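Q: Protein chains in written order, with this note's numbering: chain A, 1 to 111; chain B, 1 to 114. Beta carbons are placed, not taken as given, at the ideal position from N, Cα and C, and that holds for glycine. Quick caveat, the model's predicted, so the values are computed rather than measured. Can you keep this structure in mind? I'll have questions shortly.
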Amino acid sequence: SQQGEEDPQALSIQEGENATMNCSYKTSINNLQWYRQNSGRGLVHLILIRSNEREKHSGRLRVTLDTSKKSSSLLITASRAADTASYFCATPTGANSKLTFGKGITLSVRP
Amino acid sequence: SAVISQKPSRDICQRGTSLTIQCQVDSQVTMMFWYRQQPGQSLTLIATANQGSEATYESGFVIDKFPISRPNLTFSTLTVSNMSPEDSSIYLCSASAGGNQPQHFGDGTRLSIL
Numbered sequence: 001s002q003q004g005e006e007d008p009q010a011l012s013i014q015e016g017e018n019a020t021m022n023c024s025y026k027t028s029i030n031n032l033q034w035y036r037q038n039s040g041r042g043l044v045h046l047i048l049i050r051s052n053e054r055e056k057h058s059g060r061l062r063v064t065l066d067t068s069k070k071s072s073s074l075l076i077t078a079s080r081a082a083d084t085a086s087y088f089c090a091t092p093t094g095a096n097s098k099l100t101f102g103k104g105i106t107l108s109v110r111p
Numbered sequence: 001s002a003v004i005s006q007k008p009s010r011d012i013c014q015r016g017t018s019l020t021i022q023c024q025v026d027s028q029v030t031m032m033f034w035y036r037q038q039p040g041q042s043l044t045l046i047a048t049a050n051q052g053s054e055a056t057y058e059s060g061f062v063i064d065k066f067p068i069s070r071p072n073l074t075f076s077t078l079t080v081s082n083m084s085p086e087d088s089s090i091y092l093c094s095a096s097a098g099g100n101q102p103q104h105f106g107d108g109t110r111l112s113i114l
């Protein structure tokens, strides 16, 4: 079963608007990671937030983590057409920290 | 962060044949993994590539179908054997220093089987 579940599944916004994506997970975690995948390409690591962190920033990205609710959010501010991609949350499990991915969110940013 | 080179980037193969995908990391890493991403789907872990020993496979994946090698800390291969159209997917390699370190991915191999 999926460890991470994102919502919404698809999001379409206008350039300049903010995009908020949510992820829920089921078991306790050491960290949660967000990735971006442009069409047909590999995954790009965006942010890793540790279980003892509540918020983290990287440029136009802001990630929050609420371990009591087992949820995380990714906020992209002032979106650009180049932000159009699929976004995945993933959590490591097991001794080897293998990642379990959510189903992903398809973000479309209209110019 | 580690840079991961994966090749080939894409291939079209005949059913019944096998293809080996290579993954090279530019630095020594603790963990290497192979994932499959079927069309329109999320990523599913195939196996953890263990250096110098047999890979650890996830449920639903077997060594005869997906043999994996990892001869050293920077290189791994995945072979997709006796391919069928159902094996048409993107195959991705990732690497991590382990612990609370992120995984970094190659660009993937887009495989189509006719």
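For the segment 33 to 47 of chain A, list every residue whose C-beta sits within 7 angstroms of some C-beta in chain B, in sequence order.
A: Gln33, Gly40, Arg41, Gly42, Leu43, His45
Q: Can you name, in chain order, every residue of its own chain whose Cβ lies under 7 angstroms from the Cβ of lysine 56(A), other than the five neighbours on each side?
A: Here the question's residue 56(A) lines up with position 56 in the first sequence. Closer than 7 angstroms at Cβ, skipping near neighbours: Ile47, Ile49, Val63.
Q: So aspartate 26(B) is in the beta strand (DSSP E); what residue range does that whole segment cover?
A: Numbered from 1 along the second sequence, position 26 holds the residue referred to as residue 26(B). Note, aspartate 26(B): premise wrong, no beta strand (DSSP E); not H, not E.
Q: Should arginine 62(A) be flagged as near chain B, meaning a C-beta pair shorter than 8 angstroms?
A: The residue given as residue 62(A) occupies position 62 in the first sequence. No, arginine 62(A) does not count as interfacial toward chain B.
Q: Helix, strand or coil: how does DSSP classify glutamate 55(A) here?
A: Here residue 55(A) is taken as the residue at index 55 of the first sequence, counted from 1. Glutamate 55(A) falls in the strand class under three-state DSSP.
Q: State whether the segment 52 to 70 of chain B contacts the segment 4 to 17 of chain B, with contact taken as three or more CB pairs (one from each stretch) at a distance under 8 angstroms.
A: no
Q: Looking at serine 18(B): is its Cβ nearer than 8 angstroms to the Cβ of asparagine 100(B)?
A: For the purposes of this step, residue 18(B) is taken as the residue at position 18 of the second sequence. For the purposes of this step, residue 100(B) is taken as the residue at position 100 of the second sequence. The beta carbons of serine 18(B) and asparagine 100(B) sit no closer together than 8 angstroms.
Q: Compare the C-alpha of tryptophan 34(A) against each of Leu11(A), Gly102(A), Ala19(A), Ser12(A) and name the closest.
A: What you label residue 34(A) is simply residue 34 of the first sequence in a count that begins at 1. Answer by Cα proximity: Gly102(A).
Q: My output table needs one value for glutamate 86(B): the three-state DSSP class, helix, strand or coil.
A: Numbered from its first residue, the second sequence carries residue 86(B) at position 86. Three-state result, glutamate 86(B): helix.
Q: Please return the same chain residues whose Cβ sits closer than 8 angstroms to the Cβ of serine 1(A), not counting the five positions on each side in sequence.
A: Walking along the first sequence from the start, residue 1(A) turns up at place 1. With a pLDDT of only 40 at serine 1(A), under the threshold of 50, the placement of this residue in the model should not be trusted, and no figure is reported.
Q: How big is the Cα-Cα spacing for serine 97(A) and glutamine 9(A)?
A: To locate residue 97(A), count along the first sequence from 1; it is residue 97. To locate residue 9(A), count along the first sequence from 1; it is residue 9. Straight-line Cα distance between these residues: approximately 26 angstroms.
Q: By the 10 Å Cβ neighbour count, where 16 or more other Cβ atoms means buried, how is threonine 20(B) classified, buried or exposed?
A: As a first step, residue 20(B) must be located in the second sequence, where it is residue number 20. By the C-beta density criterion, threonine 20(B) is exposed, having fewer than 16 other C-beta atoms within 10 angstroms.
Q: Label asparagine 72(B) either buried or exposed according to how many other C-beta atoms from any shown protein chain fall within 10 Å of its C-beta, with 16 as the threshold for buried.
A: Numbered from 1 along the second sequence, position 72 holds the residue referred to as residue 72(B). Looking at its Cβ environment, which holds fewer than 16 other Cβ atoms inside 10 Å, asparagine 72(B) is exposed.
Q: Spatial neighbours of aspartate 107(B) within its chain, please: CB distance less than 7 angstroms, with the 5 preceding and 5 following residues excluded, ordered by chain position.
A: Indexing the second sequence from 1 puts residue 107(B) at position 107. Answer for aspartate 107(B): Gln6, Ser9, listed in chain order.
Q: Should serine 42(B) be listed as close to the ligand NAD, given that the test is whether its C-beta is under 7 angstroms from any heavy atom?
A: With respect to small molecules bound, the structure shown includes none, and the ligand NAD cannot be examined in it.
Q: Along chain B, which residues have their Cβ under 8 angstroms away from the Cβ of asparagine 31(A)?
A: The residue labelled residue 31(A) in the question sits at position 31 within the first sequence. Simply Asn100.
Q: Give me the chain B residues within the contact set of asparagine 96(A), using Cβ-Cβ distance strictly less than 7 angstroms, ordered along the chain.
A: Within the first sequence, residue 96(A) is the residue found at index 96, counting from 1. Near asparagine 96(A) (Cβ distances below 7 angstroms), the residues of chain B are Met31, Thr48.
Q: By the DSSP assignment, the beta strand (DSSP E) with threonine 64(A) in it spans what residues?
A: The residue given as residue 64(A) occupies position 64 in the first sequence. Run containing threonine 64(A): 61 to 66, per the beta strand (DSSP E) assignment.
Q: Between leucine 61(A) and tyrosine 87(A), which are expected to be in contact by the criterion C-beta below 8 angstroms, what is the C-beta distance as a whole number of angstroms?
A: Here the question's residue 61(A) lines up with position 61 in the first sequence. Here the question's residue 87(A) lines up with position 87 in the first sequence. Leucine 61(A) to tyrosine 87(A), Cβ: 10 angstroms. No contact.
Q: I believe serine 88(B) touches phenylalanine 33(B) by the beta-carbon criterion, under 8 angstroms. Please report the beta-carbon distance rounded to the nearest angstrom.
A: Locating residue 88(B) in the second sequence gives position 88, counting from the first residue. Locating residue 33(B) in the second sequence gives position 33, counting from the first residue. Going by Cβ atoms, the distance from serine 88(B) to phenylalanine 33(B) rounds to 21 angstroms, so no, they are not a contact pair.
Q: Give a yes or no on whether 8 angstroms exceeds the smallest Cβ distance from glycine 106(B) to chain A.
A: Locating residue 106(B) in the second sequence gives position 106, counting from the first residue. With 8 angstroms as the cut-off, glycine 106(B) counts as an interface residue toward chain A.
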